[in-house]
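Read the structure below first, then the notes.
Number of protein chains: 2
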Amino acid sequence: MAGPEDVTGTLYGLGVGPGDPDLLTVKAARLLRACPVVAYPAPDQGESLARRIAAPHLPGGQVEIAIRMELSPARFPAPEVYDDAASKIAAHLAAGRDVAVLCLGDPLLYGSFMYLFARLAGSHVVEIVPGVASPTAAAAALGLPLAARDDALAVIPAQLPDERIAACLAASDTSAIIKLGRHFARVRALLDTLGLAGSAHYIAHATMADQQILPLATIEPASVPYFSLIIVRRPGAAASAVLR
Amino acid sequence: MAGPEDVTGTLYGLGVGPGDPDLLTVKAARLLRACPVVAYPAPDQGESLARRIAAPHLPGGQVEIAIRMELSPARFPAPEVYDDAASKIAAHLAAGRDVAVLCLGDPLLYGSFMYLFARLAGSHVVEIVPGVASPTAAAAALGLPLAARDDALAVIPAQLPDERIAACLAASDTSAIIKLGRHFARVRALLDTLGLAGSAHYIAHATMADQQILPLATIEPASVPYFSLIIVRRPGAAASAVLR
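Those sequence lines, one after another, are chains X and R. Sequential numbering from 1 applies to the first sequence in the working numbering. Sequential numbering from 1001 applies to the second sequence in the working numbering.
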C-alpha cells in the first residue's frame, strides 16, 4: 500500500493569458486558489509580469518561486536557470505539494514553461492548462476578424530574418508578427516594401491597462515594447471580406 | 438627458474555448451569469456544441436564440441566417438587454460570430472576449511544445488545396492543420509525400469528454470528425529541441 510519502504533487503549467487578469481560464483561477506553491519567470530585478496578471487570483500564503532571468530580447536564459528552478520545483513535488507555474499567454506557445516541462515531465505528473494567446486577444481589441473559412494564419516572431517573414506572409492570408520590440523598424520597412503596410494593424500590451493601438506610420520605433504585435490581413483573405 | 429608452444593450462575443467548460475565461463566465440573452450557432436539428460547453455557466432563465444552420463542412450558411439572427439580437439590444453570443474557441478565429459582428458593430456597442483556441488546447493535451524562440507557427484549414497546405508547411516550423473531417485522408497522404508523417500528431475533440489521440497511421478516415487537427512539428523547430 502506498503511504503518504509516496503521494507526489502535480506540476501545473498555467496559461495566464495576454494581460487582463479576467482572461485567465476558470480552471487556471481555480488551480491557483488551491496550489500551495507558485512559480513564475521574473526579470533579474523587479516584478514578474505573469505574477502581476495572476495576482488577483492568488489566495495569499502560497510559497513563491521567482525564476529570475535576464529578460533580454537578444539572449535566452542559460540552461542553469531552468535546472535550478526545476530542482526547487521537484523538491516541492516530492514533498506532495502541487506547484503551479505561471505562463504568459499559453504555456506551450513561446513560453518558458516548456523548459521546465522538458526537465520534469519524465519523472512527475504534469498537467498543462492552455491559455488565451496574444494574437487572438489583439484581434479582439482591434475588432479585426483574424481568419475565416479557409484562411491560413501565421504567427511570426519578429526576430526572424526578412526572407523568412516574407515567406510566411506570402503563404498565409492573415499573419501576426509578434515580439516586435527592437525589430519594429525593420518589420515596418519590410511591410512597406511588400505593399502590406496598408493592411497592417499595430497593438502593444493587448488587454493590459496600458494597451496601445496606433497607426503603423506614426509609431516611434524606440517606443515599441517586446509585447507588441502587428496583424497583417491580406485584402484577399476571407476574413477581410466579412465586414464588406 | 438620456432616458431609459436611450440605454441600449451591449453585444458580447464570448469565446467559450475548445471544449472543457472550465476553459472559459473568468470574464466570459462572469458575463454569462449576467447576460439576460444568450445566442449561439446550432445545427438544423439537435444540440449546439457551443451551448453545451457554456451550459455549466448559464444561470438559468436567460432568453436563448439558437442560430440554426445546416452545419455542413461543404457549405457555408446563407447570409439570411445571419441577417435574421442579427435582427433578433438587435431587438434585444434596442430594448436595453445585453446579449452574449457563444463562440467555439475564439470569436474571431474561424467563428461564425464575425458575421454577426459585421452586421451589428457599426450600430451597437460590441465587446469581444477572446477564448482559448484549439491548437494550443491540442498542444496541451498532447504535451507537445508548439513554438519556441523564433519558430513560426501556421494554422492551416484542411480544406485548402494541397499546394497551399504544402506552402504553409514549408514556410513554418510548426503547423496545426485544422478542421480535418473529410479531408483527413488527403492531408495524411500529403504529409507522407512530404516526409512529414513522422512529425505529425493527431487529436480529435481536444479537451472534450471524448478526446481522442491516435497514431496517424492507424486512423480510419471515415471516423475523423470536423473538430480534429494534426500538429506537424519539423525536427528542426526550436520547439522540437526543447525536450532533447
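Cβ atoms here follow ideal geometry from the backbone N, Cα and C, with glycine treated the same way. Bear in mind the structure is a predicted one, so any value in this text is a computation, not a measurement.
Nearest-angstrom beta carbon gap, residue j and residue i [assumed within contact, 8 Å]
i	j	result
threonine 207/X	leucine 23/X	6 Å
alanine 54/X	leucine 32/X	6 Å
proline 106/X	glycine 131/X	For the record, residue 106/X in the displayed sequence is aspartate; it is not proline. Indeed they touch by this definition, with Cβ atoms about 5 Å apart.
alanine 100/X	tyrosine 12/X	5 Å
phenylalanine 113/X	arginine 1149/R	The Cβ separation is near 14 Å, so there is no contact.
alanine 1133/R	alanine 78/X	Contact flag wrong, Cβ pair sits at about 32 Å.
Pair within 7 Å by beta-carbon distance, residue i and residue j
i	j	result
valine 129/X	leucine 14/X	yes
aspartate 1162/R	arginine 1234/R	no
aspartate 1083/R	glycine 1009/R	no
alanine 241/X	aspartate 151/X	no
tyrosine 226/X	glycine 195/X	no
isoleucine 1219/R	isoleucine 1203/R	no
alanine 171/X	cysteine 1168/R	yes
proline 1018/R	proline 1056/R	no
leucine 190/X	valine 1155/R	no
leucine 1109/R	leucine 146/X	yes
alanine 39/X	isoleucine 89/X	yes
valine 1037/R	glycine 1096/R	no
leucine 216/X	alanine 237/X	no
alanine 1029/R	valine 16/X	no
alanine 118/X	leucine 1102/R	no
leucine 1116/R	alanine 1086/R	yes
lysine 1179/R	alanine 1158/R	yes
aspartate 1044/R	glutamate 1070/R	yes
leucine 160/X	histidine 124/X	no
For residue i, the residue or residues it bridges with in DSSP
i	result
methionine 1069/R	Pro1043/R
threonine 1212/R	In the sequence under discussion, the amino acid at residue 1212/R is glutamine, which differs from the threonine named in the question. Its beta-bridge partners are Ala1204/R.
alanine 176/X	Val155/X, Ile231/X
leucine 146/X	For leucine 146/X, which the question treats as bridged, DSSP gives no partner whatsoever.
tyrosine 12/X	Ala100/X, Glu127/X
glutamate 1064/R	Val1038/R
leucine 1109/R	Ala147/X
glycine 1017/R	Gly1105/R
threonine 1025/R	Thr25/X
Closer than 7 Å to chain R by CB, residue i
i	result
valine 242/X	yes
tyrosine 12/X	no
cysteine 103/X	no
alanine 86/X	no
arginine 233/X	no
proline 145/X	yes
cysteine 168/X	yes
isoleucine 89/X	no
valine 99/X	no
valine 16/X	no
valine 155/X	yes
aspartate 173/X	no
aspartate 83/X	no
glutamine 159/X	yes
alanine 200/X	no
C-beta neighbour in chain X for residue i, strict 7 Å
i	result
proline 1226/R	Sequence inspection shows tyrosine at residue 1226/R; the proline mentioned does not correspond to that position. Not one chain X Cβ lies under 7 Å of tyrosine 1226/R.
proline 1041/R	no
methionine 1114/R	yes
alanine 1238/R	no
leucine 1214/R	no
glycine 1003/R	Confidence in glycine 1003/R is poor, its pLDDT being 45 and thus under 50, which makes the residue's placement unreliable; the coordinate value appears in the next sentence. No, glycine 1003/R does not count as interfacial toward chain X.
leucine 1024/R	yes
valine 1132/R	yes
aspartate 1162/R	no
alanine 1137/R	yes
isoleucine 1128/R	yes
alanine 1152/R	yes
isoleucine 1230/R	no
alanine 1140/R	yes
C-beta neighbour in chain B for residue i, strict 7 Å
i	result
tyrosine 1110/R	Of the protein chains in this structure, namely X and R, none is chain B.
heavy atom of the ligand HEM below 6 Å from residue i C-beta
i	result
leucine 1109/R	No copy of the ligand HEM occurs in the structure displayed, which carries no ligand at all.
Are at least three pairs of beta-carbons, each pair with one atom in the region 1173 to 1189 of chain R and one in the region 1222 to 1234 of chain R, less than 8 Å apart? Look at the beta carbons and you see the region 1173 to 1189 of chain R touching the region 1222 to 1234 of chain R: at least three pairs across the two are nearer than 8 Å.
Please determine if the region 1184 to 1191 of chain R and the region 1210 to 1224 of chain R are in contact, where contact requires at least 3 C-beta pairs separated by less than 8 Å. yes
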